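Each remark here refers to the structure printed beneath this line.
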Amino acid sequence: MSVLSRINSSTSRTPRIAVALLLIVLIAGGIMGTAMYKNVTIDVDGELKTVATMRTSVEGILQEQGYDPSGGDLVQPAPGAGVGDGETITFHRLKTLTVNVDGSPREIKTNATTVEQALAQVNLVSDSIEIEGPTTDQLPVSGGLVNVVLPKKVHLTDGSEKVTKDIAAKTVAELLADTGKPLAPTDEVTPAPDTPVTNNMDITVTRIRTETITVTEPVAPPENKVDDPNLVKDRKVVKKPGTPGSQEVTYEVTTVNGKETAKKQVDAEVKVEPVAAEVAVGTKPGAPYVPPGSVWDALAQCEATGNWAINTGNGFYGGVQFDQNTWDRWGGQEYAPRADLATREEQIAIATKTQAAQGWGAWPSCSSKLGLR
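The opening position of the sequence shown corresponds to residue 1 in the UniProt record's numbering, with each subsequent residue numbered one higher.
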């Protein structure tokens, strides 16, 4: 028989009262214990966790979780303060962050939880400052090292563009990359790409590019030449014009700051073959040679400043200013369609025939000046 059964079967009231009192104490104790438990959130260096505890002070709760605040640590509320259910305790330990500012190290003592927060405390966070590495990651309790580059004024000549700007970059190469115009392997820059950037630095970039282009070009028709004894020697008459072909030509083009400095053909492929022209080449002896300094040279100097190929559009052509009618009448078509297209000797040959028929009066003004009549 159990104790309770024996008690229940007992006719004595005293044991029953004692058991009842014991049960009341146990139940009350359980209720009080449950009431003393609370849920508290602890912010440990930016990481949140919720704990259930019966401790009543901030310090007690932290110690219960294995944390022992020391001098310089940030504890809120104060260690001796009480904590109610649902409240938050902030515990940010003191950290040492080494900051390399343009290569010069300095130490920051901080309770910040991220690099960005720590740098903000010493005014080293802005859009113009370059910070290496992520700034929002949690800052270790052991601290760390971060490199900071401050903006500097530089005078940049990039091709034809000249600007002065403030920019944060460690080296010349990094600065150009930050401006959106990184160096290509063929580019040249002064000073050298790995030169540290300093305040008021002059930087000159020469952009050198070599690219391959392919263009379509005409192919000149060849000439099938046939000797013609009725044409004056070396005269050419196209009997049947040819037809140009076409080809794709590949060039290697070099530019310096956008201006072409070299162009070399590297390939060509004919797409349409040209059709040859038929050309008659004269073999008939031409006008005889006339030594320089003749009377005709003097006349040409007066009439046309000595220019045997002159054509001013006034209706007179060549060194002695033939009109078309005179040129044709005395056989000029044997040599050329117009006097200005004929050689000096050919013009003199026709001028000699003209003078024999008309005398020096064919050139009234200049022949008088020269005393020829």
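We put the beta carbon where it would ideally sit given N, CA and C, even for glycine. No experiment lies behind these values; they were computed from the predicted model shown.
Measuring alpha carbon to alpha carbon, tell me which of 199, 335, 147 and 182 ends up nearest residue 165. 199
Grouping DSSP H, G and I as helix and E and B as strand, with all else coil, what is residue 365? Correct three-state label for residue 365: helix.
Using 8 Å as the threshold, is the C-beta distance between residue 148 and residue 167 below it? no
Pick from 91, 78, 82 and 145: whose alpha carbon is nearest that of residue 108? Closest option to residue 108, Cα to Cα, is 145.
Whole-Å CB distance - residue 64 paired with residue 50, under 8 Å assumed: So it is not a contact: roughly 14 Å between Cβ atoms.
How long is the line joining the alpha carbons of residue 234 and residue 162, rounded to whole angstroms? 59 Å
Which of helix, strand or coil DSSP assigns to residue 348: helix
On the three-state DSSP scale, how would you describe residue 123? coil
Can you find the residues in the same chain that come closer than 7 Å, C-beta to C-beta, to residue 411, ignoring five residues on each side of it along the sequence? As shown, the chain starts at 1 and ends at 373. That puts residue 411 outside it, with no answer to give.
Please identify the residue among 106, 110 and 123 whose C-alpha is closest to the C-alpha of residue 94. 110
For residue 318 and residue 274, what's the separation of their Cα atoms in angstroms? 36 Å
6 Å Cβ shell around residue 309 - same chain, five flanking residues per side excluded: Same-chain partners within the cutoff: 340.
What's the call for residue 30, buried or exposed, on a 16-neighbour Cβ count within 10 Å? In this predicted model, residue 30 has a pLDDT of only 43, less than 50, meaning its place in the structure is not dependable; the value taken from the coordinates is given anyway. Answer is exposed; the Cβ neighbour count stays below 16.
7 Å Cβ shell around residue 174 - same chain, five flanking residues per side excluded: none
Spatial distance of residue 277 from residue 190 (CA atoms): 57 Å
What residue ranges within the UniProt domain "G5" (205-285) form continuous beta strand (DSSP E) runs of no fewer than 3 residues, ordered along the chain? 208-219, 223-232, 236-240, 245-256, 259-272 and 277-284
Compute the beta-carbon to beta-carbon distance between residue 139 and residue 118, rounded to the nearest angstrom, for a pair I have assumed lies under 8 Å. The C-beta separation of residue 139 from residue 118 comes to about 6 Å, placing the pair in contact by the 8 Å criterion.
Check residue 340 in the structure and name its three-state DSSP category. helix
Go through its chain and collect everything with a Cβ distance to residue 291's Cβ below 8 Å, but skip five positions before and after it. none
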